[in-house]
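J.:
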Amino acid sequence: MSELPRVVVSVVAGVDGRVALSRGERLLDADADRRWRSGWPGDVEELLEAASSAVEERYRPTVVLEGSGTFVGDDAPAAACDEDDTPAEVLLADYLPKRTPKWFAVVDGRGRVDWSFFGDAQTSLLVLVCESTPLPYLARLRRDGVPYLVAGQARVDLRVALLRLREALGAQCVVSHAGGGLNGALLRAGLVDEVHVVTVPMLVGGLCTPSVADGPPLPVGGTPVRLRTVDVTVGAQGTVWAHYEVIDARG
Ligand SMILES: NC(=O)c1ccc[n+]([C@@H]2O[C@H](COP(=O)([O-])OP(=O)(O)OC[C@H]3O[C@@H](n4cnc5c(N)ncnc54)[C@H](OP(=O)(O)O)[C@@H]3O)[C@@H](O)[C@H]2O)c1
1375 MSELPRVVVS VVAGVDGRVA LSRGERLLDA DADRRWRSGW PGDVEELLEA
1425 ASSAVEERYR PTVVLEGSGT FVGDDAPAAA CDEDDTPAEV LLADYLPKRT
1475 PKWFAVVDGR GRVDWSFFGD AQTSLLVLVC ESTPLPYLAR LRRDGVPYLV
1525 AGQARVDLRV ALLRLREALG AQCVVSHAGG GLNGALLRAG LVDEVHVVTV
1575 PMLVGGLCTP SVADGPPLPV GGTPVRLRTV DVTVGAQGTV WAHYEVIDAR
1625 G
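If you count the sequence shown from 1, you need to add 1374 to reach the working numbering.
#1: Quick one: using the 10 Å Cβ neighbour count with 16 as the cut-off for buried, is glutamate 1423 buried or exposed?
#2: Could you give the residue range of the beta strand (DSSP E) that holds serine 1498?
#3: Does the contact criterion of 3 or more C-beta pairs under 8 angstroms hold for the stretch 1403-1420 versus the stretch 1580-1592?
#4: On the DSSP bridge assignment, give the partners of leucine 1523 in chain order.
#5: Indicate the three-state DSSP secondary structure (helix, strand or coil) for glycine 1558 in the structure shown.
#6: Look at the Cβ atom of valine 1569, then the Cβ atom of tyrosine 1618, and state whether they are nearer than 7 angstroms.
#7: Beta carbon of valine 1571: closer than 6 angstroms to some heavy atom of ligand 1?
#8: Run through DSSP, which three-state label would valine 1418 get?
#9: Taking DSSP as the reference, what is the three-state secondary structure of aspartate 1588?
#10: Where alanine 1453 and serine 1384 are concerned, what is the direct C-alpha to C-alpha distance, given to the nearest angstrom?
#11: For leucine 1500, collect the residues of the same chain with a Cβ closer than 6 angstroms to its Cβ; drop the 5 residues on either side in sequence, then sort them by chain order.
#12: The alpha helix (DSSP H) spanning tyrosine 1511 covers which residue range?
#13: Just how far apart, CA to CA, sit glycine 1398 and glycine 1553?
#14: Output yes or no for whether 7 angstroms exceeds the beta carbon distance between alanine 1450 and arginine 1486.
#15: Can you give me the Cβ contacts of aspartate 1482 inside the same chain, cut-off strictly under 6 angstroms, excluding the 5 residues immediately before and after it?
#16: If we count the other Cβ atoms within 10 Å of its Cβ and call it buried at 16 or more, is alanine 1425 buried or exposed?
#17: Measure the alpha-carbon distance for glutamate 1457 versus alanine 1525 and round it to whole angstroms.
#18: Kindly indicate which residue of Leu1395, Thr1603, Ser1427, Val1620 has the alpha-carbon position closest to the one of glycine 1580.
#19: Should aspartate 1630 go down as buried or exposed, given a rule of 16 or more other Cβ atoms within 10 Å for buried?
#20: Thinking C-beta only, is alanine 1616 closer than 7 angstroms to valine 1606?
#21: Consider the C-beta atom of serine 1506 and the heavy atoms of ligand 1; say whether any pair is separated by less than 6 angstroms.
#22: In this structure, does DSSP put valine 1534 in helix, strand or coil?
#23: Could you tell me which of Trp1489, Thr1444, Ser1498 sits nearest to valine 1437, measuring between CA atoms?
#24: Can the beta-carbon of leucine 1465 be found closer than 7 angstroms to that of leucine 1523?
#25: Can you tell me which residues form a DSSP beta bridge with threonine 1603?
#26: Can proline 1584 be considered in contact with ligand 1, in the sense that its beta carbon sits closer than 6 angstroms to one or more heavy atoms?
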């Protein structure tokens, strides 16, 4: 079996670990993004740039990972798709009609994101789906020429998805810019190797507001994942870029 790619989680959070304003709003929405950034002092952009350059220089990652929660709300239904008579066995095979230097891979096992932008000459959208993804959605991805990889049955198996990214695309490093749902699932599956958190001196608060790592709580008797602090940089206005390595990765 081939090796997993290195998984680097990179997020911006308030000091309470919240990575968004509330469960009901996504930062992709221009007004929510404006209000989120209204709490940012002037040093945030510089630290974000520094964190991104450090990861880029060290690993030259070819895949950025996102979750469907960045694009649609919790209760969004499957995207509307025309019926299609392509056989299931065809639709449930990986679809890689093109190669690009970089990939924007999105976990969307329920087929909920209604894509209108598919990438550019450098970067292609790629959807990570599973055997229970609605078949008309897979047919639509094919009609639109959007590559996808099938990993898992009832939902996307993240370990298998990472292995497929390595095998099919040669990915050696995947950078997750997701919210807490996907990052929490990666963490619980023991798939995270490195974490960069740019902590902005602001508080969001709120029960269930997305945080750095969400998902199911630790089972009773569970222990936290230990991190080794690699480096901490404090900006001129007190924003903190902290770089950690997971000690117990792949345990
Ligand atoms: N501040 C930041 O740096 C930052 C970055 C990104 C996003 N955000 C914000 O965070 C919010 C979104 O966060 P979120 O937690 O709702 O969404 P999310 O991180 O996208 O989490 C949901 C995703 O995780 C997948 N997932 C969850 N558990 C899984 C498991 N056990 N196995 C496989 N896949 C699993 C879901 O798959 P399915 O789709 O298949 O169900 C879905 O793709 C938005 O408001 C966004 O704007 C902030």
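All C-beta atoms in this analysis are idealised placements derived from N, C-alpha and C, irrespective of residue type, glycine included.
T.: Put simply:
#1: exposed
#2: 1497-1503
#3: no
#4: Leu1502
#5: helix
#6: yes
#7: no
#8: helix
#9: coil
#10: 28 angstroms
#11: Trp1477, Ala1479, Pro1521
#12: 1509-1517
#13: 13 angstroms
#14: yes
#15: Ser1442, Val1501
#16: buried
#17: 23 angstroms
#18: Leu1395
#19: Residue 1630 falls outside the range modelled here, since the chain spans only 1375 to 1625, and no answer is possible.
#20: yes
#21: no
#22: helix
#23: Ser1498
#24: no
#25: Tyr1618
#26: yes
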